[in-house]
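Numbering (my numbering), first residue to last: -18 to 287.
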C-alpha cells in the first residue's frame, strides 16, 4: 500500500510515524509546500526505522504531486492550525483554498485514491473535497469523529478510574466545540452502561470536557494537538489497508441517513478497502436527534462560507 500525507507539520508527521511503526504500508510520501521541510521530516523518520523495526519507506517532497502517483490512500492535513481562542470555523478562509488545490492535485495523479480529510473546519473541508473531486462518496472521509471519540474515551476512563481499554463510546455530530455529540447514554465499561458507575453530574462533566477537548489542548500547547489526531488517522488508514470493516465515527456525505442530505457530518461508519463500506444508523432518542439536527445546521452555516 502507498499512502500520501499532505502537510508535514506536527499532525502529518505524527500520522506518517504511526503508519510506519505499524508496518502495514509499503510506502509513505510526505508532501509540503515549504522547501526541504517534508524531505527533512522523512529523513528524520527513516533514521528511526532500525530502532522501531519497520520496513515502510518514507519519502518527502516539496509540492511535487507526481511523487504521490498511484497512492491508495491520501491524508490531507495541510492548512493553518488553530491558535488559542480560535474556533475551527475561523480557519475556513485560508484552509478552503488549500484543501481544494490539494484534493485536485491528488486525484490528478491517483484517480482511485481514498481521501481522509483532517484540515479544519473538518466537516466543511470534507464537503469541499467532495465538490472539488467528484469522487464517489465512499472514498472521502473526514477524520474528526475518530479523534473526538478517542478523547471521549479518555475522559470516561479518567472519570471511571479505569484503563481506557475497558471503555467504549462514540461521538457523533460536527467536529466543533459546540457541534459534537458525545453519546454518554450508550457509553459502556465492558458492556455495562457507564451510568451504573457515574453520576449524572460526572457524565455531564465528561460530555462537556470532551466537546472542548481540542480547545483545551490548544490553550495548553499554543497550537493544535498532533499525537491523538495522527493516531486517529493511522487507525483509519490501517482499517482501509487491512480491509478491516472497522467501525469509526467519521464525517460522511449523507444522503438521507439520520434525516440529513447533502452534508458531511460525523456518524458511525464501517471502513474497509473501499473506504466507507456502510453508514450505520443507530437509534437516537429525541434529545440526541435534536442535538444532531442542531449540529447539522451549524455545519451548513459554515458550508455557506465556502
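Don't be surprised by glycine CBs; every beta carbon is placed ideally from N, CA and C.
Owing to the predicted nature of the structure, the values given are computational and were not obtained by experimental measurement.
| field | Euclidean distance between Cα positions of residue 42 and residue 95 | value | What you label residue 42 is simply residue 61 of the chain shown in a count that begins at 1. What you label residue 95 is simply residue 114 of the chain shown in a count that begins at 1. Residue 42 and residue 95: Cα-Cα distance of roughly 20 angstroms.
| If you draw a straight line from the C-alpha of residue 126 to the C-alpha of residue 175, how long is it? | Taking the first residue of the chain shown as 1, we reach residue 126 at position 145. Taking the first residue of the chain shown as 1, we reach residue 175 at position 194. Each residue's Cα considered, the two are about 20 angstroms apart.
| Distance, Cα to Cα, residue 106 vs residue 148? | For the purposes of this step, residue 106 is taken as the residue at position 125 of the chain shown. For the purposes of this step, residue 148 is taken as the residue at position 167 of the chain shown. Taking the straight line joining both Cα atoms gives about 30 angstroms.
| task | Alpha carbon to alpha carbon, how far is residue 169 from residue 141? Give it in angstroms, no decimals. | result | Numbered from its first residue, the chain shown carries residue 141 at position 160. Numbered from its first residue, the chain shown carries residue 169 at position 188. Approximately 11 angstroms, taken between the alpha carbons.
| said: Is any non-hydrogen atom of the ligand MG found closer than 8 angstroms to the C-beta of residue 225, if you look at the structure I gave you? | reply: No copy of the ligand MG appears in this structure; indeed no ligand is present at all.
| Taking the C-alpha atoms as reference points, what is the distance between residue 116 and residue 273? | Residue numbering aside, residue 116 sits at position 135 when the chain shown is read from its first letter. Residue numbering aside, residue 273 sits at position 292 when the chain shown is read from its first letter. About 26 angstroms.
| task | Starting from residue 190, trace the alpha helix (DSSP H) both ways and give me its first and last residue. | result | The sequence position of residue 190 within the chain shown is 209, counting from 1. Run containing residue 190: 181 to 192, per the alpha helix (DSSP H) assignment.
| task | Enumerate in chain order the residues of its own chain whose CB-to-CB distance from residue 103 is below 8 angstroms, with the five nearest sequence positions on each side excluded. | result | What you label residue 103 is simply residue 122 of the chain shown in a count that begins at 1. 69, 123, 124, 125, 156 and 232.
| said: Tell me the residue span of the alpha helix (DSSP H) that contains residue 268. | reply: In the chain shown, residue 268 corresponds to position 287, counting from 1. Its alpha helix (DSSP H) spans residues 267 to 284.
| request: Return the bridge partner residues of residue 8 from the DSSP annotation. | output: Here residue 8 is taken as the residue at index 27 of the chain shown, counted from 1. Beta-bridge analysis with DSSP links residue 8 to -17 and 38.
| query | Which residue comes first and which comes last in the beta strand (DSSP E) that contains residue 55? | reply | For this step, residue 55 is matched to residue 74 along the chain shown. Taken as a continuous stretch (DSSP letters only), the beta strand (DSSP E) holding residue 55 covers 54 to 57.
| task | Assuming residue 48 and residue 10 form a contact by the criterion Cβ under 8 angstroms, report the distance between their Cβ atoms to the nearest whole angstrom. | result | As a first step, residue 48 is located in the chain shown; it is residue number 67 there, counting from the start. As a first step, residue 10 is located in the chain shown; it is residue number 29 there, counting from the start. So it is a contact: roughly 6 angstroms between Cβ atoms.
| Other residues of its chain near residue 153: CB distance less than 6 angstroms, five sequence neighbours each side excluded | Taking the chain shown and counting its residues from 1, one reaches residue 153 at position 172. Contacts found: 162, 230, 247 and 248.
| task | Along the alpha helix (DSSP H) that carries residue 210, what are the first and last residues, could you check? | result | Counted from its first residue, the chain shown places residue 210 at position 229. Segment 208 to 222, the alpha helix (DSSP H) holding residue 210.
| Who are the near neighbours of residue 213 in its chain, counting only those whose CB is closer than 8 angstroms to its CB and skipping five residues on each side? | Mapped onto the chain shown, residue 213 falls at position 232. Once the five neighbours on either side are set aside, the close Cβ partners of residue 213 are 124, 127, 128 and 131.
| request: Report the three-state DSSP secondary structure of residue 161 (helix, strand or coil). | output: Here the question's residue 161 lines up with position 180 in the chain shown. Residue state, collapsed to three classes: strand.
| query | Of the residues 138, 195 and 234, which one's Cα is nearest the Cα of residue 187? | reply | As a first step, residue 187 must be located in the chain shown, where it is residue number 206. Residue 138 is the option with its Cα nearest to residue 187.
| field | Ordered list of alpha helix (DSSP H) runs contained in the segment 123 to 151, each at least 4 residues | value | 125 to 141
| For residue 95, the first and last residue of its enclosing alpha helix (DSSP H) | In the chain shown, the residue the question calls residue 95 occupies position 114. Run containing residue 95: none in the alpha helix (DSSP H); it sits in the beta strand (DSSP E), 95 to 98.
| message | Taking the alpha carbon of residue 143 as the reference point, which residue from -18, 33 and 179 has its own alpha carbon closest? | response | Within the chain shown, the letter at position 162 stands for residue 143. Residue 143 has its Cα closest to that of 179, out of -18, 33 and 179.
| Length of the line joining the Cα atoms of residue 281 and residue 101 | Working through the chain shown from its first residue, we reach residue 281 at position 300. Working through the chain shown from its first residue, we reach residue 101 at position 120. C-alpha separation (whole angstroms): 15 angstroms.
| query | Is DSSP giving residue 293 helix, strand or coil here? | reply | The displayed coordinates of the chain run from -18 to 287. Any statement about residue 293 would go beyond what the structure contains.
| field | N-terminal and C-terminal residue of the beta strand (DSSP E) that residue 229 is part of | value | Taking the first residue of the chain shown as 1, we reach residue 229 at position 248. Its beta strand (DSSP E) spans residues 227 to 236.
| message | So, at 6 angstroms on beta carbons, what are the nonlocal neighbours of residue -11 in its own chain, with the 5 sequence-adjacent residues on each side left out? | response | Translated into positions along the chain shown, residue -11 becomes position 8. For residue -11, where only same-chain residues beyond five positions count, the Cβ hits under 6 angstroms are 11, 13, 18, 19 and 22.
| said: Only counting the same chain, and skipping five residues up and downstream in sequence, which positions put a Cβ closer than 8 angstroms to that of residue 90? | reply: Residue mapping note: residue 90 aligns to position 109 of the chain shown, counting from 1. Result list for residue 90: 46, 47, 49, 50, 51 and 52, in chain order.
| message | Residues in the same chain with beta-carbon distance under 6 angstroms from residue 251, minus the five sequence neighbours each way, listed in chain order, please. | response | On the chain shown, position 270 is the one that residue 251 refers to. Only 226, 228, 258 and 259 meet the Cβ criterion.
| said: Output needed for residue 2: all residues of its chain with C-beta closer than 8 angstroms, excluding positions within five of it in sequence on either side, in chain order. | reply: For the purposes of this step, residue 2 is taken as the residue at position 21 of the chain shown. Excluding positions up to five away in sequence, the list reads 33 and 35.
| task | In the DSSP assignment, find the alpha helix (DSSP H) that holds residue 22 and state where it starts and stops. | result | Working through the chain shown from its first residue, we reach residue 22 at position 41. From DSSP, the alpha helix (DSSP H) with residue 22 extends over 18 to 27.
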